[in-house]
Structure formats: C-alpha cells, structure tokens
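Encoded as structure tokens, the structure appears first; notes follow it.
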C-alpha cells in the first residue's frame with residue numbers, strides 16, 4: 001500500500017511538469033507585457049508616485065470614474081432584477097425544458113459583443129426600428145433621441161451581461177434544498193415571507209457571484225459604451241484607450257492600475273467570503 | 285403562487301427572454317433586405333448585401349484572416365492547455381493556487397489593460413500589424429477555457445480505471461492514451477471550440493495589434509460601424525450568429541457527452 005502511494009506521489013510530481021509550458025507561455029507573452037506596461041505608471045528613472053499625483057488632480061479622470069461607477073452600478077442592479085426571475089423560472093422546470101431554455105440564454109452569451117451592439121444601434125437609431133414603429137402607430141409625433149444616450153448604454157450593457165447573472169443564480173437555485181422553502185410555507189409563512197426569509201438568503205452565493213462578475217466586467221467595458229454612448233458616457237476603458245492613442249503611457253498605466261485595483265479588491269472581498277471556485281460555478 | 289401572480293410572473297419572464305433574443309433575431313431579416321437602407325420590415329427579399337460581403341476583398345480577406353488566426357489559436361491553446369490542466373488537477377506542487385490564478389486571470393482582467401499591455405510589449409519587437417501578434421495575444425485569452433473544460437472532464441475520471449491499467453502492466457503513457465484520453469476527449473473538444481470562438485470574436489486586442497495590415501473580421505466590422513451602419517453589417521452579423529450558434533451547440537453537446545462519460549463518484 002505504502003509502495004503504491006509512493007508511486008502515485010512520484011507520478012503526481014512528474015505530472016506537475018505538464019503545467020510548465022503554459023505557465024511559461026503566459027509569463028512571457030501575457031504577464032510580462034501587462035506588468036511592464038503597468039510599471040510605466042509608477043516608474044520613471046526610479047520608483048515614483050508623481051504620475052499618480054498628476055492623475056489625482058485630473059478632473060477628467062474623476063468625472064470618468066464617476067460615470068463608470070454609476071453605469072456599472074445601474075447595470076448590476078438591473079441585471080440582478082431581470083436575472084433572478086429567469087433563474088427562478090429555470091430552476092422550477094424539468095431538466096429537459098431547463099436545458100433547452102439555458103441554450104436560449106447561451107446563444108446571446110456566445111454571440112459576438114459587436115453583433116449585439118450593432119443590433120442595438122439598428123433598434124435604437126433615430127430612424128431605427130423602435131422610433132419607426134412608435135411614430136408609425138402614432139405614439140410619438142417625432143423620433144426621439146435614444147442612441148448615444150446613457151439609456152442606450154445601460155440597455156445594451158445589461159443585454160450583454162445578463163447571462164453572467166442568470167447562470168450563477170440558476171446554478172445555486174438548482175442545487176438548493178427546496179424542502180426548506182416548502183417547510184417555511186408549511187409552517188405558515190406567506191409566499192413573500194418564504195421568499196424573503198428563506199429562499200433569498202439561500203440564493204445569496206449565486207447572487208453575489210453574479211453581481212461580482214457583472215460589476216467587474218462592467219467597469220472594464222469598452223466596445224458597447226464607445227458605440228452606443230454619447231459624449232457624456234465615456235467610461236474608464238475608453239479614456240485609457242485614448243491616452244494610449246496619444247502615447248501618454250504613464251497616464252494610461254496609472255489609470256490601468258486604478259482600474260485593476262478596483263477589480264482585484266471586489267474579487268478579493270468576494271473570494272474571502274465564498275471561495276474562488278464559486279465564481280466559475282455554472283459559468284460557460 | 286396564486287393564479288394572477290403566476291400569469292404576471294410568466295409574462296415577465298417571457299419579456300426578458302424576448303429582450304435577450306429579439307435584438308439578435310431582428311438582424312436576420314434585415315440582412316435579406318432589398319432596400320438601400322435599414323428599414324423594418326424590409327421592402328423585399330434580396331441577397332445583395334451578402335453579394336456585397338462576398339465580392340469585396342476587404343471583407344473576405346478579413347474573414348479569412350480571422351479564421352486563420354482562430355485555427356492557430358485553437359491549436360496552440362489546446363496543445364498548451366490540455367497538459368496544463370492535467371498538471372494542475374493531478375500534479376502537486378508549491379504555487380499551484382498562484383498558477384491557477386495566472387491562468388484564469390485573462391478572463392477577469394479588464395480587456396483594455398490586457399490589450400494595451402500586448403501593444404506596449406509587442407510593438408517593441410515590431411509585431412504590431414502581424415498576424416503572429418494576434419495569435420500570441422488571443423491564445424492567452426482563449427487558453428483558460430481549454431483549462432476549465434479539460435479540468436472538469438478530468439475531475440470526472442475515476443482514478444481506479446487508471447490504477448487498474450497500471451496494475452495490469454500498462455505504462456503511464458499507454459494508460460494516458462488508452463484510458464484517460466478517450467474519457468476526457470469531449471472536454472478537450474469543447475475547450476477547443478470555446479477557444480476558437482474567443483479568438484474569432486475578439487475585438488479589443490485586434491484594435492491595438494491589427495495595425496493596418498492584419499485586419500480581422502471584428503476589426504473590419506468596427507470600422508464599418510463607426511462609418512455607416514449599412515445592411516452589409518447585418519449580413520455579416522447573420523453569418524456570425526449562424527456560425528457561433530452552430531459551434532456553441534456542438535460545444536454544448538461535447539460538454540454533455542463529457543458529463544455522461546463521468547465515471548468518478550460526485551463529491552459535493
């Protein structure tokens with residue numbers, strides 16, 4: 001027995017080496033590029049915080065951070081409000097129906113963000129489908145500005161991110177012990193109380209996983225706000241991209257560090273609470 | 285739930301599904317429009333916008349480049365990701381958690397940071413505008429999906445099957461090829477499909493690494509969208525929706541097959 005364990009442990013040691021090529025690849029072609037770029041924000045002939053000093057004085061940066069935070073919060077809350085009913089609905093279906101409906105959620109999930117954003121431009125444009133049909137049936141006298149507004153950004157971003165909220169909540173609800181909910185009802189809890197006091201607390205792991213995913217993905221959004229947003233919907237990623245286009249690497253790197261720090265803090269707080277594997281539960 | 289509430293709830297859920305699917309479905313009829321502009325409903329049926337797409341080298345060249353890069357990324361990330369998943373699941377080494385975090389981080393890190401990082405480093409070596417730069421960058425983004433899928437397939441393999449093969453005198457190598465690999469193959473295929481889609485749809489890295497000489501399909505679409513949202517884009521979008529839906533469904537079938545091949549007891 002001991003000999004067999006020794007063989008297995010020797011094999012495990014040898015198999016560890018199989019991870020080496022990928023780790024090496026990622027260090028050279030991914031970690032080194034990103035870290036050396038980030039370094040420009042805090043290093044200039046020696047470690048310095050001067051770039052950050054300038055960044056904190058930068059009114060545009062603060063304004064954009066505020067816009068980014070507002071949009072991300074709106075998107076997270078709206079996604080949660082739309083995703084929970086869908087996840088609840090899916091979890092109460094038979095396995096075959098649920099599997100089919102999950103594919104309906106996955107199709108938009110895997111459709112290119114560019115295609116989905118284009119579709120929203122077609123729908124929301126001044127001569128777009130929504131304006132055309134509303135003026136056509138006489139609800140509107142003149143087309144209204146829908147595209148290039150905060151509204152368009154939120155509608156399109158929620159559309160892109162909704163599956164990231166639905167899937168983790170669905171995974172939690174699916175593996176839930178529903179007898180607890182029935183017990184609450186059997187003991188006389190009204191449907192709302194059973195939901196609020198039993199079901200909701202039990203679904204918190206899925207809810208928080210979904211919220212963390214949607215929020216951290218939102219604050220890094222680039223394509224959708226750039227295409228359907230207006231001049232007052234510039235998000236931090238767009239600002240970073242603009243800094244790179246004028247080759248102001250130190251500014252771009254400092255802003256990237258701030259963005260990365262926020263993502264890491266949100267993630268770290270979450271994994272402290274629930275463990276990292278929960279994030280990927282039910283995803284893709 | 286009481287009856288009227290149930291109706292209200294079902295109505296609400298139907299509306300959300302409509303919201304998820306309608307924007308994707310609406311593009312399809314528009315792509316067959318005989319009109320000159322994006323009017324809905326289309327005035328008549330025509331394939332002119334598809335003709336436009338297939339007759340312009342600016343479009344077909346971009347499509348071929350995306351397919352080429354996607355295939356290279358799929359091959360590279362499968363070759364790197366499959367052994368890595370075995371090492372991470374079966375191996376035991378210090379820093380395993382850190383290695384996991386490194387491999388999964390491209391999924392979580394904001395796209396713009398990764399994209400400009402590539403641009404910053406690859407530009408120094410004159411790689412911007414070369415398809416190789418896209419392959420190298422996209423592989424980092426695609427490889428987590430291979431590792432996630434192969435790992436979950438590996439967790440489903442009953443180790444006793446492998447021990448039995450070893451006990452009966454098979455070499456570790458033969459055990460892998462004849463016992464482990466057939467069991468995890470659907471997981472590898474699913475990971476490969478996800479890797480291809482990841483590269484094929486990727487825009488942000490392409491925005492910075494394409495230059496003017498390695499224009500991928502998403503990059504070409506981006507330029508067109510900012511110029512004019514004409515119906516050619518609707519036909520490209522329809523082709524992409526069809527392609528990704530087929531690929532996605534095949535990946536999902538692989539994933540389900542992988543679950544059926546599960547031999548290990550489920551440990552909660």
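Protein chains in written order, with my numbering: chain A, 1 to 284; chain B, 285 to 552.
Note that CB positions come from ideal geometry on N, CA and C, so glycine has one too.
Same chain only: Cβ atoms within 6 Å of residue i, ignoring 5 sequence neighbours per side
i             : result
residue 244/A : 252
residue 552/B : In this prediction, residue 552/B has a pLDDT of 41, which is less than 50 and means its spatial position is unreliable; nothing more can be read from the coordinates.
residue 225/A : 153, 233, 235
residue 422/B : 357, 483, 486
Close beta carbons around residue i, own chain, < 7 Å, minus the five adjacent residues each side
i             : result
residue 284/A : With a pLDDT of 34 at residue 284/A, under the threshold of 50, the modelled position of that residue is not reliable, and no figure is offered here.
residue 282/A : With a pLDDT of 40 at residue 282/A, under the threshold of 50, the modelled position of that residue is not reliable, and the figure given next carries that caveat. Excluding sequence neighbours, residue 282/A sits near 167, 168, 170, 171.
residue 384/B : 372
residue 216/A : 263, 266, 267
residue 298/B : none
residue 134/A : 140
residue 174/A : 91
residue 161/A : 75, 79, 214, 217, 218
residue 181/A : 194, 198, 199
residue 441/B : 464, 467, 468, 547, 548
residue 289/B : none
Residues sharing a beta bridge with residue i, DSSP
i             : result
residue 334/B : For residue 334/B, which the question treats as bridged, DSSP gives no partner whatsoever.
residue 43/A  : 47/A
residue 329/B : 317/B
CB-CB length for residue i against residue j, believed under 8 Å
i             : j             : result
residue 493/B : residue 418/B : 6 Å
residue 98/A  : residue 90/A  : 5 Å
residue 369/B : residue 438/B : 6 Å
residue 259/A : residue 219/A : 7 Å
residue 307/B : residue 123/A : 6 Å
residue 547/B : residue 452/B : About 17 Å; that fails the 8 Å criterion.
residue 255/A : residue 238/A : At roughly 11 Å, the Cβ-Cβ gap does not stay under 8 Å, so residue 255/A and residue 238/A are not in contact.
residue 427/B : residue 22/A  : 7 Å
8 Å CB neighbourhood of residue i in its chain, flanking five on each side removed
i             : result
residue 539/B : 433, 470, 471, 474
residue 121/A : 128, 147, 227, 228
residue 114/A : 223
Cβ pair count under 8 Å reaching 3, the stretch 473-490 of chain B against the stretch 347-364 of chain B: A contact exists between the stretch 473-490 of chain B and the stretch 347-364 of chain B.
Inter-stretch contact (C-beta, 8 Å, three-pair minimum) for the stretch 491-510 of chain B and the stretch 406-419 of chain B: They touch, by the three-pair rule.
Contact list for the stretch 361-374 of chain B against chain A, Cβ threshold 7 Å: Within the stretch 361-374 of chain B, the residues whose Cβ lies closer than 7 Å to some Cβ of chain A are 364, 365, 367, 368, 370, 371, 372, 374, listed in chain order.
Interface positions of the stretch 25-44 of chain A facing chain B (Cβ-Cβ less than 7 Å), listed along the chain: So the list reads 25, 26, 29, 30, 31, 32, 33, 34, 36, 37, given in the order they occur along the chain.
Chain-ordered residues of the stretch 130-159 of chain A with a beta carbon less than 7 Å from chain B: Result list: 132, 159.
The stretch 101-108 of chain A contacting the stretch 184-203 of chain A, beta-carbon criterion three pairs below 8 Å: In short, these stretches do not touch, since the Cβ pair count stays below three.
Residues, ordered as in the chain, of the stretch 228-241 of chain A that lie near chain B by beta-carbon distance below 7 Å: The residues in question are 237, 240, 241.
Residues within the stretch 194-221 of chain A neighbouring chain B, beta-carbon criterion of under 9 Å: Cβ contacts with chain B: 213, 216, 217, 219, 220, 221.
The stretch 141-156 of chain A in contact with the stretch 222-232 of chain A per 3-pair CB rule at 8 Å: Yes, since at least three Cβ pairs between the stretch 141-156 of chain A and the stretch 222-232 of chain A fall closer than 8 Å, the two stretches touch.
At least 3 beta-carbon pairs within less than 8 Å: the stretch 17-24 of chain A vs the stretch 371-383 of chain B: Taking one beta carbon from each stretch, the stretch 17-24 of chain A and the stretch 371-383 of chain B have 3 or more pairs nearer than 8 Å; the two touch.
The stretch 74-91 of chain A in contact with the stretch 291-309 of chain B per 3-pair CB rule at 8 Å: The stretch 74-91 of chain A makes contact with the stretch 291-309 of chain B, as at least three CB pairs between them are under 8 Å.
Cβ contact (3+ pairs, closer than 8 Å) linking the stretch 52-69 of chain A and the stretch 397-408 of chain B: Taking one beta carbon from each stretch, the stretch 52-69 of chain A and the stretch 397-408 of chain B have fewer than 3 pairs nearer than 8 Å; the two do not touch.
The stretch 425-437 of chain B contacting the stretch 456-464 of chain B, beta-carbon criterion three pairs below 8 Å: No, the stretch 425-437 of chain B is not in contact with the stretch 456-464 of chain B.
Inter-stretch contact at 8 Å, needing at least 3 Cβ pairs: the stretch 27-43 of chain A / the stretch 396-403 of chain B: Flag = yes, the stretch 27-43 of chain A and the stretch 396-403 of chain B touch.
Where the stretch 67-86 of chain A meets chain B: residues whose CB sits under 9 Å from a CB there: Listed in chain order, the positions of the stretch 67-86 of chain A with a beta carbon within less than 9 Å of a beta carbon of chain B are 82, 83, 85, 86.
Stretch pair the stretch 513-530 of chain B + the stretch 303-322 of chain B: three plus CB contacts closer than 8 Å: Taking one beta carbon from each stretch, the stretch 513-530 of chain B and the stretch 303-322 of chain B have 3 or more pairs nearer than 8 Å; the two touch.
Near-chain B residues of the stretch 241-267 of chain A - C-beta to any C-beta below 8 Å: Here the close residues are 241, 244, 249, 252, 256, 259, 260, 263, 267.
Short-range partners of chain A found in the stretch 494-511 of chain B, where Cβ spacing is below 8 Å: Answer in chain order: 502, 505, 506, 509, 510.
Contact residues within the stretch 95-123 of chain A, judged by C-beta distance below 9 Å to chain B: Cβ contacts with chain B come from 99, 101, 102, 103, 104, 105, 106, 107, 108, 109, 110, 111, 112, 113, 114, 115, 116, 117, 118, 119, 120, 121, 122, 123.
Near-chain B residues of the stretch 7-19 of chain A (beta-carbon distance less than 9 Å), N- to C-terminal order: Those residues of the stretch 7-19 of chain A that come within reach of chain B (Cβ to Cβ, closer than 9 Å) are 7, 8, 9, 11, 12, 13, 14, 15, 16, 17, 18, 19.
Contacting positions in the stretch 162-185 of chain A - beta carbon closer than 7 Å to chain B: Cβ proximity to chain B below 7 Å picks out 162 from the stretch 162-185 of chain A.
Near-chain A residues of the stretch 389-404 of chain B - C-beta to any C-beta below 9 Å: Correct list: 389, 390, 391, 392, 393, 394, 395, 396, 397, 398, 399, 400, 401, 402, 403, 404.
Positions along the stretch 415-427 of chain B whose CB lies within less than 9 Å of some CB in chain A: Taking 9 Å as the upper bound on Cβ-Cβ separation, chain A lies near residues 420, 421, 423, 424, 425, 427 of the stretch 415-427 of chain B.
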